[in-house]
Amino acid sequence: MTHILQSNTDFLALSRQQPDCLTPGQFTLSNGTVVSVIAAGIIQFEPAATATEDVVLSCGVHGNETAPIEICDELVQRILRGELTVCQRVLVIFGNLAAMDIGQRFVEENMNRLFSGEHSRGPGLINDERRRAQRLEQAVAEFFQQGQGQRHHYDLHTAIKPSQHEKFAVYPYRPHDDYNTESLRFLAACDVHAILLSNGPTTTFSYYSADTFDAIAFTVELGKVRPFGENDMSRFAAAKDAITRLVCEPQPNWPSYRAEDFSIYKVNQVILRQQEDFRLGFGDDVPNFTAFQQGDVLAEESGALYTAQQDGEAIVFPNAKVALGQRAVLTLLPAEL
Ligand SMILES: [Zn+2]
Numbered sequence: 001m002t003h004i005l006q007s008n009t010d011f012l013a014l015s016r017q018q019p020d021c022l023t024p025g026q027f028t029l030s031n032g033t034v035v036s037v038i039a040a041g042i043i044q045f046e047p048a049a050t051a052t053e054d055v056v057l058s059c060g061v062h063g064n065e066t067a068p069i070e071i072c073d074e075l076v077q078r079i080l081r082g083e084l085t086v087c088q089r090v091l092v093i094f095g096n097l098a099a100m101d102i103g104q105r106f107v108e109e110n111m112n113r114l115f116s117g118e119h120s121r122g123p124g125l126i127n128d129e130r131r132r133a134q135r136l137e138q139a140v141a142e143f144f145q146q147g148q149g150q151r152h153h154y155d156l157h158t159a160i161k162p163s164q165h166e167k168f169a170v171y172p173y174r175p176h177d178d179y180n181t182e183s184l185r186f187l188a189a190c191d192v193h194a195i196l197l198s199n200g201p202t203t204t205f206s207y208y209s210a211d212t213f214d215a216i217a218f219t220v221e222l223g224k225v226r227p228f229g230e231n232d233m234s235r236f237a238a239a240k241d242a243i244t245r246l247v248c249e250p251q252p253n254w255p256s257y258r259a260e261d262f263s264i265y266k267v268n269q270v271i272l273r274q275q276e277d278f279r280l281g282f283g284d285d286v287p288n289f290t291a292f293q294q295g296d297v298l299a300e301e302s303g304a305l306y307t308a309q310q311d312g313e314a315i316v317f318p319n320a321k322v323a324l325g326q327r328a329v330l331t332l333l334p335a336e337l
């Protein structure tokens with residue numbers, strides 16, 4: 001029986017519009033690549049020869065972060081059409097299909113706070129985002145467990161705010177500080193030159209893969225949020241090229257790691273929104289990674305004033321509208337690897 005993808009390679013459009021047509025199953029392309037349709041928005045490719053790397057590429061965990069979705073959409077279609085031949089095992093995930101349809105970050109709940117089992121804690125599997133996070137975890141687990149290569153997971157995003165570093169990556173927490181500079185060579189090829197070292201276990205998708213499967217995993221912020229079709233794809237050319245090489249070349253020769261190519265940051269303060277009247281001490285247009293002086297007010301709310309503790313303390317991911325108890329802004333200080 002032929003699979004619908006053998007005549008219509010538009011996997012993302014089918015996933016969004018006709019998910020019932022995407023029967024889970026396998027077929028082989030004429031170049032020997034084995035295609036496995038796992039579920040709507042989840043597809044796996046395996047080369048004919050043995051692979052050395054098992055690569056998870058995820059995008060659209062936030063539905064309005066379109067540039068990475070467009071990059072992965074094109075990659076999947078080119079593989080399905082036989083224009084590209086994978087050398088590595090690859091799992092491509094389009095995370096939040098329902099949020100893409102409404103052009104929003106999420107429908108009911110931020111999916112990138114629901115991994116490492118968080119989907120089933122508290123109120124449990126009460127909404128589509130929680131059920132989808134559980135499904136994505138299961139797909140990643142099966143993919144890694146069936147492979148024998150070096151495990152990678154790049155969870156691709158774009159940021160809401162402008163940034164002093166247009167592209168940056170979050171390095172999930174490593175309990176023994178065993179940060180690996182080798183793994184930054186691919187990021188440099190993606191034009192990512194700023195790295196934020198996470199300060200503890202979280203419930204993000206990339207932390208799940210790093211923690212559970214010891215994968216080389218990053219949350220990669222490739223630029224700024226724009227609607228579908230409005231991305232200046234030239235700003236993503238390096239990332240697109242590097243991602244293609246990662247999965248289609250047997251041993252991509254990334255440039256050597258050089259410390260001077262990177263700005264490394266560690267977390268200094270995690271400021272939570274505790275009160276309804278929480279507000280930030282700076283405007284919405286202040287870019288991520290903007291540095292403040294000691295004593296500058298970063299946020300305030302009833303009963304608390306949050307200030308920069310050191311000169312050069314920078315802010316990232318500010319969002320005064322998060323739910324009570326959630327992170328409203330992180331502050332950073334320069335660090336080394
Ligand atoms: Zn995002």
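If you read the sequence shown in full-length UniProt numbering, its first letter stands for residue 1, the second for the next number, and so on.
Ideal Cβ placement from N, Cα and C applies to all residues, glycine included.
Exposed is the label assigned to V297, since fewer than 16 other Cβ atoms lie within 10 Å of its Cβ.
Rounded to whole angstroms, the gap between the alpha carbons of D101 and F94 is 12 Å. The beta strand (DSSP E) runs lying completely inside the region 196-268 and spanning 3 residues or more are 216-224, given in chain order. Boundaries of the beta strand (DSSP E) harbouring R151: 150-159, taken from the DSSP string. Sorting L14, H152, R135 by C-alpha distance to the C-alpha of P172 places H152 at the top. For V37, the shortest C-beta to heavy atom distance toward ligand 1 is 8 Å or greater. Judged by DSSP secondary structure, D128 falls within the alpha helix (DSSP H) whose first and last residues are 128-146. At a Cβ-Cβ threshold of 9 Å, I160 and K224 count as neighbours.
At a threshold of 8 Å, V316 does not count as near ligand 1, since its beta carbon sits no closer than that to any of the ligand's heavy atoms. Separation of the CB atoms of E53 and Q150 is rounded to 5 Å, and the pair is thereby assigned contact status at 8 Å. Short note on N231: C-beta not closer than 8 Å to any heavy atom of ligand 1. Less than 9 Å divides the Cβ of V55 from the Cβ of V90. Within the region 89-120, the runs of alpha helix (DSSP H) that reach at least 4 residues and sit entirely inside it are, in chain order, 97-102. Within 10 angstroms of the beta-carbon of M1 lie fewer than 16 other beta-carbons, which makes it exposed.
Going by C-alpha positions, P162 is about 7 Å away from D285. Pairing H176 with G200, the inter-Cα distance amounts to about 11 Å. At the C-beta level, L29 and I69 stay beyond 9 Å of one another. Taking a contact as a CB-CB distance under 8 Å, the pair V247 and Q88 counts as one, their CB atoms being some 5 Å apart.
Here C21 carries a helix assignment [DSSP, helix/strand/coil].
Per DSSP, the beta bridge partners of V329 are I271. At a Cβ-Cβ threshold of 9 Å, W254 and A323 do not count as neighbours.
The nearest non-hydrogen atom of ligand 1 is less than 8 Å from the C-beta of T158.
The beta carbon of N31 is closer than 7 Å to those of G82, T85 in its chain, skipping five residues each way along the sequence. Contact holds between the region 108-124 and the region 200-212, because three or more Cβ pairs, one in each stretch, are under 8 Å apart. F228 and A67 have their C-alpha atoms spaced approximately 7 Å apart.
Within the same chain, and ignoring the five residues on either side of A210 in sequence, the residues whose Cβ sits closer than 6 Å to its Cβ are P172, A217. For F168, the secondary structure class from DSSP, reduced to helix, strand or coil, is strand. Not one heavy atom of ligand 1 falls within 8 Å of the beta-carbon of R327.
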